[in-house]
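Here's the structure we're looking at; comments come further down.
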Amino acid sequence: MIEIVSLITLTVLLACGIFFYRKTCRNLTVSEIEQIVSQQMDQRAHKLCMQAFYVQRTRQMDERNKLEEQFQDDLHLYVEDFQAEVAESLQQNKVRDIQSYGFIRLTK
């Protein structure tokens, strides 16, 4: 009886160890990191979508041009921030098979 309880305990500890190893020590891929950053920036991306929608709904050309210009600026900032976050995460996770991301060179 004690042997069975010990065996079950060891099995549970081994399973927990494997689970935590995979969560903490496993190297992430570029696409996994992009997905994580994308989820973190989801609210900002939604705001950009709504901003584009309002640009399309605007009828006055002067106002529409101003909104379009603001949207383009915000979109460029979003892309730059996304690339910077991914590049930083790549460095933190020590992804070795990539030397640059976007226009950002990763240091070793």
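Residue numbering for the sequence shown follows this note's numbering, beginning at -8 and increasing consecutively. Glycine residues also receive a C-beta, built at the ideal position from the N, C-alpha and C atoms. Because the structure is a prediction, the values reported are computed rather than measured.
Using a Cβ-Cβ cut-off of 6 Å (strictly less than) and excluding sequence neighbours within five positions of Leu19, which residues of its own chain qualify? For Leu19, where only same-chain residues beyond five positions count, the Cβ hits under 6 Å are Asn84.
What does a CB cutoff of less than 8 Å around Arg48 pick up in its chain, not counting 5 residues either side in sequence? Within its own chain, no residue has a Cβ closer than 8 Å to the Cβ of Arg48 once the five positions on either side in sequence are excluded.
How is the alpha helix (DSSP H) around Arg50 delimited, first residue to last? Here Arg50 belongs to no alpha helix (DSSP H), and DSSP marks it neither H nor E.
Looking at the secondary structure, which residues open and close the alpha helix (DSSP H) in which Val86 lies? Val86 -> no alpha helix (DSSP H), and no H or E assigned at all.
Are the beta-carbon atoms belonging to Ile95 and Gln63 less than 9 Å from one another? no
If we ignore side chains and look at the alpha-carbon of each, how far apart do Phe44 and Tyr12 end up? 44 Å
In or out: Ser80 buried (at least 16 other Cβ within 10 Å) or exposed? buried
I need the straight-line Cα distance from Met70 to His37, nearest angstrom please. The identity of residue 70 in the sequence shown is Val, whereas the question assumes Met. Val70 and His37: Cα-Cα distance of roughly 14 Å.
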